[in-house]
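Numbering (our numbering), first residue to last: 12 to 256.
Cβ coordinates follow ideal geometry from the N, Cα and C atoms, glycine included.
The structure appears right after this line, and notes come after that.
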């Protein structure tokens, strides 16, 4: 990890849960982090435990579906830190506990825009920044087991928790997006790696949304946000030749 000290990272959805844990883990390793989220009040609490011996931190309200907001974020890193982003963590996401057949276009667009399109745009911008400077880079897509398999019998209709809507579709799309970008980077021999991390149930606010899942968390050994952060740090610390898929 020593080679990443002083480098710059952007973390989306950094105000809570997995994004917050990843932000703190990177800071502890000396990485400068631009923490993005729309939840400004929660985002501000990241400063509470910040240590002067860690990397620099900047908090920025950012709607990742807004091109102007994203441009401001990437411009900040380029102008204020070491010239561009070296680590991109695509963590922001939303879920709908409803059925596709009972939903509407607005819900579909919200899920696709945040979970897929914004991720693709962030990857595009991050890779451009890395290639312009010809530096080693690493992109992380925080995915889900629902991007690989859709379990049956887990959700009931309690609290309206009767489906996943397009969430599994989005996560399957992110798996394909990761593989596609990995092949593109290999084709141009860029020193940039891309890693998809697909956790199961994690103890976060999004997982406690319904009483069904809250009860499930009491009966199974769920992951913690710090476990996902540990995976990010491990992948970063491997040799540049090692591809963590």
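- Rounded to the nearest angstrom, the gap between the Cα atoms of residue 151 and residue 243 is 8 Å.
- With contacts defined by Cβ atoms closer than 8 Å, residue 43 and residue 25 do not form a contacting pair.
- Unbroken beta strand (DSSP E) stretches of 3 residues or longer found wholly inside the segment 32–74: 43–48 and 68–72, given in chain order.
- Checking the DSSP bridge columns, you'll see residue 205 partnered with 150.
- By the neighbour-count criterion, in which a residue is buried when 16 or more other Cβ atoms sit within 10 angstroms of its Cβ, residue 32 is buried.
- Within 10 angstroms of the beta-carbon of residue 203 lie 16 or more other beta-carbons, which makes it buried.
- Residue pairing from DSSP places residue 23 in a beta bridge opposite 47.
- Contact between the segment 229–246 and the segment 175–182 is absent: fewer than 3 CB-CB pairs across the two stretches fall below 8 Å.
- Separation of residue 113 and residue 83 (C-alpha to C-alpha, rounded to the nearest whole angstrom) is 37 Å.
- The C-beta distance from residue 239 to residue 153 rounds to 7 Å, short enough to fall under 8 Å.
- Listed in chain order, the non-local C-beta contacts of residue 193 below 6 Å within the same chain comprise 205, local neighbours out to five positions each way being set aside.
- CA-CA distance, residue 27 to residue 14, rounds to 27 Å.
- Residue 245 is classed as exposed because its beta carbon has fewer than 16 other beta carbons within 10 Å across all chains shown.
- Distance from the CA of residue 73 to the CA of residue 253, rounded to the nearest whole angstrom, comes to 32 Å.
- Cβ-Cβ separation between residue 209 and residue 149: approximately 17 Å, too far for a contact (criterion under 8 Å).
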